[in-house]
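Residues 0 to 274 (numbering that gives the first Met the number 0) are what the sequence shown spells out, left to right. Data block below; observations after.
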Amino acid sequence: MGFIEILKVIVFGIVEGFTEWLPISSTGHLILVENLIHLNQPEDFWNVFKVVIQLGAILAVVLLYWDKLWPFSPKKTAAQKQGTWVLWFKIIIACIPAAVAGLPLDDIIDAHLSTPTVIAATLIIYGIFFIVLETANKQKSFPINKISRVSYKTAALIGAFQCLSLIPGTSRSGATILGAMLLGCSRAVAAEFSFFLGIPVMFGASLLKIVKHGLAFTGAQVFILLFGMAVAFLVAVLTISFLMKYIRKHDFKLFGYYRIVLGIIVLIWFTLLGH
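Here it is, written out as structure tokens:
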């Protein structure tokens, strides 16, 4: 495996780690990068590679929020441990809609909706949604300003919004953050709940695809998988930290404009230029 191939792995890891938790669609970015650079590997391996680097991004959330998510911490009081279990019950409830809708639709979506046109359209549409919502929220005070104030009903409704992300280009974090804010969650609570919700959902989807495509790899391929995952993990840690600091003083409009620009680029690249 040459130096250029390692550089490609680094690029894919950076793109995945940067885009997975921001509401800008990791799928839209990866499809662009994939058409610019290619790993010299079979298609089945590429499908597993995308899943494994996604796992790296998930582990970043586990690391950063370990204290908040681990119910057995000796540092927590009995009440805090109970609160952590309640949070996990809410996360599980929020996972149900996407699991019910996603499992039977996964192959259909991959076959018919994973197209540049669909991805470009969803990037632009949800970009507009973010701008409109944040314009309406300019002077709004959010009633749900702590993660503990997310009710079971609100968690289930956020999970329903997550179903929108089954359409490629929507962005899982984008759909859940938009939904959570529409339901009264502050930007920070919406982002955090989106992170937590992503752990079981993305672990489940990733493991499903790994099992589907198999695990028979050469030593070099195992290195590519682990190295790509490590890069995505490190970049995701930095990205999550950046996002939480950013939204303390800013809204999500910037991401809305970015999505629109990216959607137009995807549309031009694949439709007008015939790529």
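Virtual Cβ for every residue (Gly too), placed ideally from N, Cα, C. Keep in mind that this is a model prediction, so the values were computed, not measured.
Please name the residue in the options whose C-alpha comes closest to that of residue i.
i	options	result
residue 61	216, 223, 196, 187	196
residue 127	267, 52, 259, 266	259
residue 164	115, 84, 83, 121	121
residue 95	26, 200, 72	200
residue 153	257, 224, 29, 92	92
residue 147	85, 14, 268	85
residue 239	256, 227, 21	21
residue 269	191, 33, 211, 10	33
residue 45	137, 67, 227	227
residue 119	224, 23, 241, 231	23
residue 182	149, 198, 71	149
residue 160	192, 145, 138	192
residue 202	54, 221, 174	54
residue 40	209, 223, 136	223
residue 194	66, 208, 49, 59	59
residue 176	246, 140, 209, 117	246
Measure the beta-carbon distance from residue i to residue j and round it to whole angstroms, keeping in mind my assumption that it falls under 8 Å.
i	j	result
residue 204	residue 19	Actually they are not in contact, since the Cβ atoms of residue 204 and residue 19 sit about 12 Å apart, beyond 8 Å.
residue 143	residue 185	7 Å
residue 14	residue 29	6 Å
residue 265	residue 115	6 Å
residue 231	residue 12	4 Å
residue 198	residue 107	Incorrect: roughly 25 Å between the Cβ atoms, too far for contact.
For residue i and residue j, I'd like the C-alpha separation in whole angstroms.
i	j	result
residue 82	residue 188	16 Å
residue 2	residue 16	21 Å
residue 89	residue 4	42 Å
residue 169	residue 100	16 Å
residue 178	residue 38	36 Å
residue 162	residue 79	31 Å
residue 158	residue 6	37 Å
residue 125	residue 255	7 Å
residue 87	residue 68	8 Å
residue 98	residue 156	14 Å
residue 36	residue 10	9 Å
residue 261	residue 123	8 Å
residue 217	residue 51	15 Å
residue 190	residue 225	27 Å
residue 263	residue 211	33 Å
residue 215	residue 243	39 Å
residue 140	residue 180	11 Å
residue 278	residue 65	The first residue shown for the chain is 0 and the last is 274, placing residue 278 beyond what the model contains.
residue 267	residue 43	28 Å
residue 233	residue 77	33 Å
residue 174	residue 31	21 Å
residue 70	residue 271	52 Å
List the DSSP bridge partners of residue i.
i	result
residue 184	143
* Spell out a yes or no on whether the stretch 245-252 and the stretch 131-142 are touching, meaning 3 or more CB-CB pairs, one atom from each, closer than 8 Å. => yes
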